[in-house]
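Undergrad: As they're listed, the protein sequences go chains A and B. Position 98, counted from 1, in the first sequence is what the numbering used here calls 98; the numbers after and before it change by one each time, with no gaps. Position 45, counted from 1, in the second sequence is what the numbering used here calls 228; the numbers after and before it change by one each time, with no gaps. From the three backbone atoms N, C-alpha and C, an ideal C-beta is built for every residue, glycine too. Computed from a prediction, not measured in an experiment: that's the story for all the values here. Here it is, the structure in full.
There are 2 protein chains.
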Amino acid sequence: MPADPPARGPTVRRIPEGDDRARLVCPDCGFINYENPKVVVGSVARWEERILMVRRAIEPRSGFWTLPAGYLELHETTEAGAVREAAEEAEAEIELEGLLAVYNIPRISQVQLIYRARLVSPKVAPGAEAHEVALYRWEEIPWNLVAFPSVRWALHHFHDSLAQPHWTPQTNPPGETGAIASG
Amino acid sequence: MPADPPARGPTVRRIPEGDDRARLVCPDCGFINYENPKVVVGSVARWEERILMVRRAIEPRSGFWTLPAGYLELHETTEAGAVREAAEEAEAEIELEGLLAVYNIPRISQVQLIYRARLVSPKVAPGAEAHEVALYRWEEIPWNLVAFPSVRWALHHFHDSLAQPHWTPQTNPPGETGAIASG
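Have a look at this one:
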């Protein structure tokens with residue numbers, strides 16, 4: 001008796017009945033993998049004049065500096081997700097002050113919601129996905145080692161917002177789509 | 184020779200190696216269905232003193248009134264998604280004025296980004312998923328036939344925002360999680 005062929009998972013691209021876009025469908029069981037953009041939540045959190053940053057221990061951009069941020073989980077609010085990411089990545093306890101920015105990175109189907117926050121204490125330490133954490137003064141930020149364009153945008157939007165009692169959440173800088181330049 | 188058993192799709196809940204949460208995994212091919220919260224994008228769009236609303240032709244809440252809104256698609260920005268939904272559901276051309284609100288509905292793992300918008304013309308018509316469209320004055324809105332709590336929140340936040348030249352995006356009203364009361 002021949003062995004069963006291996007099942008293939010959602011690997012065939014076709015338009016399901018009643019839909020208007022191609023989706024990945026499993027040719028064996030018919031499961032339709034409705035992929036949607038993912039939500040990233042994070043924060044720019046400060047202690048006095050210093051900003052919490054995290055040095056990545058995982059790819060992509062391992063060794064580069066970022067903000068505590070990550071994927072929103074099921075049944076989690078964006079606010080709770082931003083607080084959780086600061087705890088996981090920097091063992092930091094933060095209090096959110098409000099939404100700082102909504103960035104769209106359509107190339108990788110990400111919507112990033114970044115909050116402005118205060119650290120409850122300066123006690124921070126690297127989590128499992130971090131090499132190192134730091135509380136940087138603005139003039140100490142290692143700009144040439146910043147992991148992603150949207151981290152740079154968020155730092156600037158945060159810095160601008162400090163001058164105003166009531167700030168307005170920002171979006172991508174004009175013309176910027178978040179693509180990382182090659183080479 | 185017995186027929187192959189039917190393939191089962193991602194139906195088994197277990198924690199994949201290197202992960203810390205249970206995911207649905209296909210017992211036949213090992214495909215892991217990483218489910219994430221979904222982003223809904225929409226708008227409160229006005230023509231002079233009137234607000235664009237859409238009467239739903241699909242479940243849930245068929246026959247009830249809502250705002251043009253729907254799931255963000257892959258490789259789409261939230262702004263482009265809000266414009267597309269107005270075109271699809273109300274054949275409306277809109278221009279966004281800015282972010283009106285970010286609502287979290289964790290029970291159903293939704294993050295809703297609602298924009299304030301202007302109609303480019305009052306020419307609107309029901310799309311495939313709508314029974315009817317209307318341009319309602321504030322005092323004409325059929326509040327007892329509004330489809331979802333977050334539609335009511337968005338209408339009120341929109342109305343409040345009109346009084347201010349610079350408004351701040353709002354979140355869920357205090358204590359509200361978007362759960363629809365039973366009975």
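Let's see if you can read the secondary structure: which residues bound the alpha helix (DSSP H) around Ser344 (chain B)?
TA: 332-344 is the extent of the alpha helix (DSSP H) around Ser344 (chain B).
Undergrad: Can you list, in chain order, the stretches of the beta strand (DSSP E) that have 3 or more residues and sit fully within the segment 68-94 of chain A?
TA: Complete beta strand (DSSP E) runs here, min 3: 69-71.
Undergrad: When you compare only the Cα positions, how much space is there between Glu271 (chain B) and Arg239 (chain B)?
TA: For Glu271 (chain B) and Arg239 (chain B), the distance between alpha carbons rounds to 13 Å.
Undergrad: Runs of 3 residues minimum, wholly inside the segment 98-136 of chain A: which ones carry the beta strand (DSSP E) assignment?
TA: Here the runs fully enclosed are 110-119.
Undergrad: Please state whether DSSP places Trp143 (chain A) in a helix, a strand or coil.
TA: Reduced to three states, the DSSP call for Trp143 (chain A) is helix.
Undergrad: Using 8 Å for Cβ pairs, my map puts Ala273 (chain B) next to Val307 (chain B). What's the rounded Cβ distance?
TA: Confirmed, about 5 Å.
Undergrad: Along the segment 105-136 of chain A, what residues have a CB closer than 8 Å to any CB found in chain B?
TA: For the segment 105-136 of chain A, which is checked against every Cβ of chain B, the residues closer than 8 Å are Pro106, Arg107, Ser109, Val111, Leu113.
Undergrad: Can you list the residues of chain A that His340 (chain B) reaches, using a CB-CB cut of under 8 Å?
TA: Those do not exist, as His340 (chain B) stays about 14 Å from chain A at its closest Cβ, beyond 8 Å.
Undergrad: Express the C-alpha separation of Pro305 (chain B) and Cys26 (chain A) in angstroms, rounding to a whole number.
TA: Roughly 44 Å separates the two Cα atoms.
Undergrad: At 7 Å on the CB atoms, spell out the chain A contacts of Pro193 (chain B), in chain order.
TA: Under the 7 Å cutoff, chain A gives Phe31.
Undergrad: Can you check whether the C-beta of Glu124 (chain B) is within less than 8 Å of a C-beta belonging to chain A?
TA: No answer is possible for residue 124 (chain B): the residues shown for chain B start at 184 and end at 366.
Undergrad: Measuring straight from C-alpha to C-alpha, what distance separates Glu242 (chain B) and Val334 (chain B)?
TA: Roughly 16 Å between the two C-alpha positions.
Undergrad: On the DSSP letters alone, give me the boundaries of the beta strand (DSSP E) that Trp47 (chain A) sits inside.
TA: Taken as a continuous stretch (DSSP letters only), the beta strand (DSSP E) holding Trp47 (chain A) covers 38-47.
Undergrad: Using three-state DSSP, classify Trp167 (chain A) as helix, strand or coil.
TA: Here Trp167 (chain A) sits in coil by DSSP.
Undergrad: Beta carbons nearer than 7 Å to chain A: which residues of the segment 274-289 of chain B have them?
TA: Listed by position along the chain: Leu282, Val285, Asn287, Pro289.
Undergrad: Let's see if you can read the secondary structure: which residues bound the beta strand (DSSP E) around Ile234 (chain B)?
TA: From DSSP, the beta strand (DSSP E) with Ile234 (chain B) extends over 233-239.
Undergrad: Spatial neighbours of Arg209 (chain A) within its chain, please: CB distance less than 7 Å, with the 5 preceding and 5 following residues excluded, ordered by chain position.
TA: Because chain A here runs from 1 to 183, residue 209 (chain A) falls outside it and cannot be looked at.
Undergrad: Can you check which of these residues, A:Leu145, A:Glu93, A:Pro37, is closest to Gln45 (chain A) by C-alpha distance?
TA: According to the sequence shown, residue 45 (chain A) is Ala rather than Gln. The shortest C-alpha separation from Ala45 (chain A) is found at A:Glu93.
Undergrad: Expressed to the nearest angstrom, what Euclidean distance is found between the alpha-carbon atoms of Arg204 (chain B) and Gly70 (chain A)?
TA: Near 15 Å, if we compare the C-alpha coordinates of Gly70 (chain A) and Arg204 (chain B).
Undergrad: Could you pull out every residue in the same chain whose Cβ sits closer than 8 Å to the Cβ of Thr171 (chain A), ignoring the five residues on either side in sequence?
TA: So the list reads Ala101, Val102, Tyr103, Asn104, once near-sequence residues are dropped.
Undergrad: Are the C-beta atoms of Gly366 (chain B) and some chain A residue less than 8 Å apart?
TA: Reliability of the predicted coordinates at Gly366 (chain B) is poor, the pLDDT of 31 falling under 50, and no value is obtained from them.
Undergrad: Less than 8 Å between CB atoms is the rule here; does Glu259 (chain B) satisfy it with respect to chain A?
TA: It does; some Cβ of chain A falls within 8 Å.
Undergrad: Between which two residues does the beta strand (DSSP E) harbouring Arg197 (chain B) extend?
TA: It spans 195-197 - the beta strand (DSSP E) in which Arg197 (chain B) sits, taken as one unbroken run.
Undergrad: How is the beta strand (DSSP E) around Arg206 (chain B) delimited, first residue to last?
TA: Unbroken beta strand (DSSP E) run through Arg206 (chain B): 206-208.
Undergrad: Can you check which of these residues, B:Arg299, B:Pro199, B:Arg244, B:Tyr217, is closest to Asn327 (chain B) by C-alpha distance?
TA: It is B:Arg244 whose Cα lies nearest to the Cα of Asn327 (chain B).
Undergrad: Might you give, ordered along the chain, the residues of its own chain that have their beta carbon closer than 8 Å to the beta carbon of Val223 (chain B), omitting 5 neighbours on each side?
TA: Closer than 8 Å at Cβ, skipping near neighbours: Ala252, Gly253, Tyr254, Leu255, Gln293, Val294, Gln295, Leu296.
Undergrad: Use the C-beta contact count for His258 (chain B): other C-beta atoms within 10 angstroms, 16 or more gives buried, fewer gives exposed.
TA: Classification for His258 (chain B): exposed.
Undergrad: Taking the C-alpha atoms as reference points, what is the distance between His340 (chain B) and Ala130 (chain A)?
TA: Using only the alpha carbons, I get a separation of about 40 Å.
Undergrad: Would you say Glu218 (chain B) faces chain A, with C-beta separation under 8 Å as the test?
TA: Judged by the 8 Å Cβ criterion, Glu218 (chain B) is in contact with chain A.
Undergrad: Would you decide whether Asp28 (chain A) is buried or exposed? Buried here means 16 or more other CB atoms lie within 10 Å of its CB.
TA: Counting Cβ neighbours within 10 Å, Asp28 (chain A) comes out buried, since at least 16 surround it.
Undergrad: DSSP beta-bridge partners for Thr66 (chain A)?
TA: Thr66 (chain A) pairs with A:Val54.
Undergrad: So, is Leu67 (chain A) buried or exposed, given that buried needs 16 or more other C-beta atoms within 10 angstroms?
TA: That one is buried.
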